[in-house]
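As they're listed, the protein sequences go chains Y and Z.
Read left to right, the first sequence gives residues 58 to 306 (the numbering used here).
Read left to right, the second sequence gives residues 48 to 225 (the numbering used here).
Built from N, CA and C at the ideal position, the CB exists for glycine as well.
Below is one structure; the comments refer to it alone.
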Amino acid sequence: MTAKFEYLLRLGDNCLVLSQQLSAWCGHGPALEEDLALTNTALDLLGQARLWLSYAGEVEGEGRDEDALAYHRDAHQFRNLLILEQPNGHYGNTIARQFLFDVWHQQLLSGLCQSSDSRIADIAQKSVKESRYHVERSAGLMVALGDGTALSHERMQGAIDKLWPYAHEWFESDAVDAQCAQEGLCPVASSLADPWRGSVKAVLARAALAMPEGAGHQKGGKRGLHTEHLSHLLAPMQVLQRNQPGAQW
Amino acid sequence: MNAVANPVSREVLFSWLAHVMDPEVPVVSILDLGILRDVQWLDASESTAVVTVTPTYSGCPATEVIAQMIREALHARGVSKVEVRTQLSPAWTTDWMTPQGRDALRAYGIAPPASRAPTPDGSQVIDIAALMPVKVIVPCPQCDSRKTRLLSQYGSTACKALYQCNSCLEPFDYFKPH
């Protein structure tokens, strides 16, 4: 299994898992506009997941397409970051998770636009434009809710504090990250830490929210060591294809 | 189905596709939207037309419908084989929308996209703090008033935001710069 294949799975699984999470809000958003915005974000991420996973399947060269990778792998074979599989919780939890991810994702995709692999660069150039809207929106909501009422402030601070331990896995480099960075496929994982902290700090300050101390310690998603939440998330997503393999519309 | 009369030029192929409308915004053709990138014959025998399109958004559900509409439009002209290729790079931008397309959008009640401001150094990294609150003046497509406000960054589709006019009070879609 090549490092490039593993890296592409990580990119694709991040988008797929978060898309599935956001889809659960469809019809349940706190306001119609929020409902539309979150499901549109989910759609963008699903499109990105398809592009990454299709390419992953081609790189692997064993005949697996995007559907095979999405529907016929078990939780331990997924490579998404742990933060993305954390429960939706209340709306503030969902927005806080989105914000922390969007800032990193936007900066990562910007870096991937310079990838030595032209297909990766192409997908990144497509995706980075979408991620700009995602981060604008989630940052705006952080300010609106963080600097809102006493209750919304309290809930947003709670959401950030709860997610913080998970919000650093993306900066840690393992053998796959190191090799891909060396080949020029992607930026060095740790190089995104300072820009991320800078942006998050600026938005949290405007949101009247305290930035938690320290760096996160929860990790393992990139290697397939997941929290219990992922299986519960994958079950409804995969059940049809597991029962009726190859079923089509 | 009749065989195509030879020779059919690239320009003619383009003109045949100029009537394929975006299924979500049926007043704008795929040419005016800027997503039709190229049409040409695969080889000298002129039996297979290769159409290159670029998606607006990577998750846009209209993409597959558009590919089907392209095939049908060319089949109707007697082209027996049509191959629709998707090209991601260079990524689609609303700056490729034609003036006719922008006018058609406005007439349809959708505010056309502002020109996309390039980032100072050409990179895609954005200064999030500097962006808030998002300040763009979007004139109302109904009454031309510049007093409008953003209701939601996302409207009925990912490519549109929802605005409301403070003068005539009509809500309207804004085709976002991309």
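Identity of the residues DSSP links to Cys212 of chain Z by a beta bridge: Under DSSP, Cys212 of chain Z takes part in a beta bridge, and its partners are Z:Thr195.
For the beta strand (DSSP E) containing Phe228 of chain Y, name the first residue and the last one. For Phe228 of chain Y, there is no enclosing beta strand (DSSP E), as DSSP marks it with neither H nor E.
Using the beta-carbon of each residue, which ones in chain Y are nearer than 7 Å to Ala205 of chain Z? Simply Asn97, Leu100 and Asp101.
Counting only beta-carbon atoms, is Ser105 of chain Z nearer than 7 Å to chain Y? So, interface residue.
Does DSSP put Arg149 of chain Z in a helix, a strand or coil? Note: Arg149 of chain Z maps to helix in three-state DSSP.
For Leu42 of chain Z, which residues of its own chain have a beta-carbon under 6 Å away from its beta-carbon, when the five flanking residues on both sides are left out? The structure shown does not extend to residue 42 of chain Z, since chain Z spans only 48 to 225, so no value can be given for it.
I want to see whether chain Y comes within less than 7 Å of Ala138 of chain Z, judged by CB atoms only; does it? Taking Cβ atoms only, chain Y reaches closer than 7 Å to Ala138 of chain Z, which makes this a yes.
Among the residues of its own chain, which have a CB less than 8 Å from the CB of Asp220 of chain Z, if the five just before and after it don't count? Contacts found: Gly156, Ile157, Ala158, Gly202, Ser203, Lys207, Ala208, Leu209 and Tyr210.
Against chain Y, which members of the stretch 189–221 of chain Z pass a CB distance test of less than 8 Å? Sequence-ordered contacts of the stretch 189–221 of chain Z with chain Y read Leu198, Ser199, Gln200, Tyr201, Gly202, Ser203, Thr204, Ala205 and Leu209 [C-beta pairs closer than 8 Å].
How many angstroms separate the CA atom of Ser62 of chain Z from the CA atom of His289 of chain Y? Spanning the two alpha carbons is a distance of roughly 51 Å.
His122 of chain Z CB to nearest chain Y CB: under 7 Å? Chain Y, which has no Cβ nearer than 7 Å to the Cβ of His122 of chain Z, makes this no.
Leu121 of chain Z versus Gln87 of chain Z - alpha carbon distance: In this structure, the alpha-carbon of Leu121 of chain Z lies about 12 Å from that of Gln87 of chain Z.
Take Glu123 of chain Y as the anchor and find which of Y:Lys183, Y:His191, Y:Ser184 and Y:Gly104 has the nearest alpha-carbon. That would be Y:Gly104, whose Cα lies nearest to the Cα of Glu123 of chain Y.
His225 of chain Z: contacting residues in chain Y (beta-carbon distance under 8 Å): Those within 8 Å of His225 of chain Z in chain Y are Lys186.
Could you tell me which chain Y residues have their CB closer than 9 Å to the CB of Leu135 of chain Z, listed as they occur along the chain? Leu135 of chain Z reaches chain Y at Leu108, Arg176, Asp179, Ile180, Gln182 and Lys183, counting residues in chain order whose Cβ is nearer than 9 Å.
Can you name the residues of chain Z whose CB is closer than 7 Å to the CB of Arg280 of chain Y? Against chain Z, a Cβ distance below 7 Å from Arg280 of chain Y picks out nothing, because the smallest value is about 27 Å.
Distance, Ala272 of chain Y Cα to Ala224 of chain Y Cα: Computed Cα separation, rounded: 8 Å.
Below 7 Å between beta carbons: does that hold for Leu242 of chain Y and Ser188 of chain Y? Taking 7 Å as the Cβ cut-off, Leu242 of chain Y and Ser188 of chain Y do not qualify as a contacting pair.
Please report how far the alpha carbon of Ala138 of chain Z lies from the alpha carbon of Pro244 of chain Y, in whole angstroms. Going by C-alpha positions, Ala138 of chain Z is about 21 Å away from Pro244 of chain Y.
Assuming the contact rule is C-beta atoms closer than 8 Å, Arg84 of chain Z and Gln134 of chain Z should be a hit. Round their C-beta distance to whole Å, please. With a beta-carbon spacing of about 6 Å, Arg84 of chain Z and Gln134 of chain Z fall inside the 8 Å limit used to define contacts.
Here's a check: name, in chain order, each residue in its chain whose Cβ is nearer than 7 Å to the Cβ of Pro188 of chain Z, leaving out the five neighbours to either side. The residues Arg153, Gly156, Ile157, Ala158 and Phe219, in chain order, have a CB closer than 7 Å to that of Pro188 of chain Z in the same chain once the five nearest residues on each side in sequence are set aside.
Are the Cβ atoms of Trp306 of chain Y and Pro269 of chain Y separated by less than 7 Å? It is not a contact, given that the beta carbons lie outside the stated cut-off.
Only counting the same chain, and skipping five residues up and downstream in sequence, which positions put a Cβ closer than 7 Å to that of Phe158 of chain Y? Within the same chain, Cβ atoms closer than 7 Å to the Cβ of Phe158 of chain Y are found at Leu75, Ile140 and Leu141, the five residues on either side in sequence being excluded.
Proximity below 7 Å, CB of Leu287 of chain Y to CB of Ala99 of chain Y: No, Cβ-Cβ distance for Leu287 of chain Y and Ala99 of chain Y is not below 7 Å.
Which of helix, strand or coil DSSP assigns to Phe61 of chain Z: In the three-state reduction of the DSSP assignment, Phe61 of chain Z falls in the helix class.
7 Å is my cut-off, CB to CB: does Glu117 of chain Y come that close to chain Z? With 7 Å as the cut-off, Glu117 of chain Y does not count as an interface residue toward chain Z.
Could you name the residues that DSSP lists as bridge partners for Ser76 of chain Z? DSSP lists Z:Met68 as partners of Ser76 of chain Z.
If you check the beta carbons only, do Leu291 of chain Y and Gln214 of chain Y fall under 7 Å apart? Result no, Cβ atoms of Leu291 of chain Y and Gln214 of chain Y do not sit closer than 7 Å.
Is Ile152 of chain Y buried or exposed, if buried means 16 or more other CB atoms sit within 10 Å of its CB? Counting the other CB atoms within 10 Å of its CB gives Ile152 of chain Y a total of 16 or more, which places it among the buried residues.
Backbone CA spacing between Pro73 of chain Z and Gln275 of chain Y [nearest angstrom]: Across the structure, Pro73 of chain Z and Gln275 of chain Y are spaced so that their CA atoms are roughly 49 Å apart.
Segment limits, alpha helix (DSSP H) that includes Gln115 of chain Z: Unbroken alpha helix (DSSP H) run through Gln115 of chain Z: Ala109 to Ala123.
Run through the DSSP bridge pairs and tell me what Tyr221 of chain Z is partnered with. Note: Tyr221 of chain Z sits in a beta bridge opposite Z:Ala158 and Z:Ala208.
Is the Cβ of Ala94 of chain Y closer than 7 Å to any Cβ of chain Z? Residue-level contact by beta carbon holds for Ala94 of chain Y and chain Z, with a gap shorter than 7 Å.
Specify, as a first and last residue, the run of the beta strand (DSSP E) that Leu83 of chain Z falls within. According to the DSSP assignment, Leu83 of chain Z belongs to the beta strand (DSSP E) that extends over Leu83 to Trp88.
For Thr151 of chain Y, which three-state DSSP category applies? The answer is helix: DSSP assigns Thr151 of chain Y an H, G or I state.
Is there a Cβ from chain Z that is less than 7 Å from the Cβ of Glu90 of chain Y? Glu90 of chain Y counts as touching chain Z.
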